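Here the structure is laid out as structure tokens; the discussion comes afterwards.
In the working numbering, the protein residues as written are 3 to 656.
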């Protein structure tokens with residue numbers, strides 16, 4: 003049996019020659035085909051301001067990025083409807099850095115022009131499908147010296163790739179302003195802070211960290227891979243309002259052992275990635291539902307208390323992960339690259355443990371302060387065992403976005419994020435819109451002392467108004483507990499961008515890799531606001547940061563209010579013929595009916611046109627894989643619903 007590709011995140015190197023450029027294209031295509039994501043720092047490619055060996059000007063890395071993006075759009079992720087995931091990185095001293103910064107914003111403006119001319123501006127519409135760089139995230143890699151020049155209003159020089167001589171000199175602040183302008187328009191580019199990334203690098207003697215995976219949480223050596231897993235933190239909320247540390251530790255231990263086995267059990271797209279995966283064995287354990295957990299405790303996300311609790315839980319997770327890794331090393335030996343990197347790795351381990359001392363214990367609820375002691379114990383054990391046996395894995399944890407799996411795990415919030423809104427609407431890639439209501443509100447209200455009738459009234463108010471602001475019975479002092487990333491359509495409150503950055507800063511010292519998180523900023527934020535957010539993120543020692551200004555893109559997958567559906571245009575004929583189909587609007591209403599067949603519960607969902615008439619039908623059965631489910635699914639797929647002015651018709655077609 004063929005070994006599956008078990009890693010989700012890849013980092014690939016590139017050389018300044020055509021063979022390497024094309025090799026990366028082939029390996030990227032294979033990764034997308036298997037549903038994985040990849041990232042590369044393109045800075046080794048000579049700039050468009052330099053000459054080719056045979057004469058003439060080089061096309062530059064941005065031109066090749068355009069080609070990579072086009073193939074990603076053709077292949078998609080897993081060969082299906084989901085977009086491919088890739089990260090394009092360029093160093094801030096590369097001669098083409100200004101072209102890189104402007105690249106995606108310029109394409110976004112083209113999409114706007116197409117939308118204004120009537121082209122479909124939806125997530126999978128023709129407007130965005132017609133422009134470049136829609137399959138990649140883009141990040142500028144900047145070292146401390148650049149950020150210091152920004153703060154000092156100093157100069158910054160780009161350097162030719164071939165000989166390292168100075169190409170052009172700019173005001174550093176003007177470069178950052180350009181980055182902020184791009185972010186203001188479309189959310190790209192983001193920033194990665196090279197100095198802090200490599201300071202926490204466990205394998206410095208094997209090379210630098212140059213790049214990341216598409217979401218910036220996996221950062222390690224070039225030509226390496228990482229398999230991911232995430233834990234639902236709400237599963238460890240106890241009935242008495244505490245956190246089950248022992249259960250959490252056992253879960254971490256089980257995950258690390260399983261993920262370690264996957265390293266040898268999986269396949270890899272290139273020989274270099276396979277070799278490094280076996281030599282360094284990096285893992286990416288993380289969690290989801292932090293925002294919901296804090297809300298359930300009655301703790302505001304943007305608070306010293308919330309940050310302290312998050313830091314302690316994160317410290318326990320990574321400390322226990324490395325402790326397990328050291329125990330595995332005692333049984334089967336450390337990763338082959340450990341001896342070469344023993345000194346820098348143990349130094350980083352001590353940095354992690356030292357950071358536990360910085361957790362603000364007094365800010366935590368007294369009932370949760372024991373978490374800090376558990377964190378210190380986990381790290382002390384991890385270091386003691388690591389000194390004796392080494393570690394089986396060069397990296398153990400990341401904080402991934404968990405966008406899809408969070409829904410599968412029934413999480414209210416993803417990764418380290420707060421809730422985007424108490425009620426939100428997700429645009430589905432296949433069409434339609436899903437209403438998502440935060441289930442942690444009731445738990446949080448009970449923790450804060452509200453009675454069941456009061457909770458019922460508050461939840462009913464939220465369901466009707468999509469906000470908790472103005473809800474009956476709710477005390478003003480409790481509003482911060484339910485603050486979300488975006489301001490609700492009928493509300494005024496949201497988490498300030500510094501609240502997002504502070505949460506990342508509190509947890510970053512306890513993560514092997516980095517944190518995939520969006521810094522949400524309101525629609526009326528300015529370019530200057532975004533510049534200050536980048537500076538503040540660097541000051542708070544984040545490894546990477548991505549900023550999204552609400553509604554900056556004309557299409558976004560998650561919304562805080564319902565969006566208007568596409569208008570269904572009437573056909574000239576009042577009657578549709580067999581084989582004809584009237585497409586449903588992208589955002590549609592539906593009705594759901596619960597039924598039972600042969601002891602199996604199921605749901606019949608009918609999607610509706612704007613006029614309230616049926617247009618599609620789906621059947622969902624509780625019993626996965628059953629014959630009954632298969633038969634009903636086949637029947638539903640074969641049904642074509644359409645509506646005409648003359649009559650409502652249902653056709654079953656072969």
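Even for Gly, the Cβ is constructed at its ideal location relative to N, Cα and C.
Note that the coordinates shown come from a computational prediction; the quantities given were computed from them, not determined experimentally.
Classification of residue i by the beta-carbon crowding that lies within 10 angstroms, buried from 16 upward
i: residue 419; result: buried
i: residue 569; result: Unreliable positioning characterises residue 569 in this predicted model, as indicated by a pLDDT of 31, which lies under 50. A coordinate reading is not provided.
i: residue 539; result: buried
i: residue 6; result: exposed
i: residue 375; result: exposed
i: residue 30; result: buried
i: residue 194; result: buried
i: residue 490; result: buried
i: residue 21; result: exposed
i: residue 14; result: buried
i: residue 334; result: exposed
i: residue 417; result: buried
i: residue 390; result: exposed
i: residue 309; result: buried
i: residue 581; result: Unreliable positioning characterises residue 581 in this predicted model, as indicated by a pLDDT of 47, which lies under 50. The coordinate reading is nonetheless provided below. It is exposed - the Cβ of residue 581 has fewer than 16 other Cβ atoms within 10 Å.
i: residue 24; result: exposed
i: residue 166; result: exposed
i: residue 734; result: As displayed, the chain neither begins before 3 nor continues past 656, which places residue 734 out of reach and without an answer.
i: residue 578; result: The pLDDT assigned to residue 578 is 45, lower than 50, so where the model puts this residue is not dependable; a value taken from the coordinates is nonetheless given after this. Classification of residue 578: buried, given that the 10 Å Cβ count is 16 or more.
i: residue 353; result: exposed
i: residue 273; result: exposed
i: residue 60; result: buried
Beta-carbon spacing of residue i, residue j below 7 Å
i: residue 140; j: residue 90; result: yes
i: residue 107; j: residue 181; result: no
i: residue 62; j: residue 45; result: no
i: residue 211; j: residue 200; result: yes
i: residue 606; j: residue 621; result: yes
i: residue 18; j: residue 47; result: yes
i: residue 105; j: residue 64; result: yes
i: residue 406; j: residue 294; result: no
i: residue 516; j: residue 543; result: no
i: residue 11; j: residue 215; result: yes
i: residue 533; j: residue 33; result: no
i: residue 314; j: residue 357; result: no
i: residue 396; j: residue 284; result: yes
i: residue 138; j: residue 88; result: yes
i: residue 597; j: residue 552; result: no
Extent of the continuous beta strand (DSSP E) run through residue i
i: residue 159; result: 157-161
i: residue 39; result: 39-43
i: residue 366; result: Note, residue 366: premise wrong, no beta strand (DSSP E); not H, not E.
i: residue 87; result: 87-93
i: residue 549; result: 546-551
i: residue 141; result: 138-144
i: residue 382; result: Here residue 382 belongs to no beta strand (DSSP E); instead the alpha helix (DSSP H) covers 372-391.
i: residue 229; result: 226-234
i: residue 32; result: Looking at the DSSP string, residue 32 is not in any beta strand (DSSP E); the run it does join, the alpha helix (DSSP H), is 20-35.
i: residue 522; result: 520-523
i: residue 13; result: 11-13
N-terminal and C-terminal residue of the alpha helix (DSSP H) that residue i is part of
i: residue 244; result: Taken as a continuous stretch (DSSP letters only), residue 244 belongs to no alpha helix (DSSP H), as it is neither H nor E.
i: residue 355; result: 344-358
i: residue 507; result: 499-509
i: residue 530; result: 529-541
i: residue 590; result: Unbroken run through residue 590: none, as it is neither H nor E.
i: residue 74; result: 63-77
i: residue 100; result: 99-118
i: residue 131; result: 128-131
i: residue 423; result: Run containing residue 423: none; DSSP gives neither H nor E here.
CB contact check: residue i to chain B, cutoff 7 Å
i: residue 231; result: This model lacks chain B altogether, as it is built from one protein chain only.
beta-carbon residue i near the ligand COA non-hydrogen atom, thresh 6 Å
i: residue 75; result: With respect to the ligand COA, the structure shown offers nothing to examine, as it has no ligands at all.
Taking 8 Å as the cut-off, does the region 482-500 touch the region 364-383 (at least 3 CB pairs, one atom from each stretch)? no
For the 8 Å Cβ check, are there 3 or more pairs between the region 464-473 and the region 265-284? no
Would you call the region 397-406 and the region 285-305 touching, i.e. three or more CB-CB distances under 8 Å? yes
Enumerated in chain order, which unbroken segments of the beta strand (DSSP E) with a length of 3 residues or greater are wholly contained in the region 167-201? 168-173 and 192-195
Whether or not the region 130-140 and the region 169-180 are in contact is what I'm after, with contact meaning three or more pairs of Cβ atoms, one per stretch, closer than 8 Å; do they touch? no
Can you list the alpha helix (DSSP H) stretches of 4 or more residues lying completely in the region 279-316, in chain order? 292-298
Do the region 59-76 and the region 291-306 meet, that is, are 3 or more Cβ pairs less than 8 Å apart? no
Please confirm if the region 503-520 is in contact with the region 144-163, defined as three or more CB-CB distances below 8 Å between the two stretches. no
The region 343-354 touching the region 204-221, judged by at least three CB pairs closer than 8 Å: yes
Only counting runs of 4 or more residues, tell me where the alpha helix (DSSP H) segments fall wholly within the region 439-475, in order along the chain. 442-449 and 454-467
At least three beta-carbon pairs within less than 8 Å, the region 325-339 to the region 386-398: yes
Just checking, does the region 216-228 make contact with the region 360-372 on the three C-beta pairs under 8 Å criterion? no
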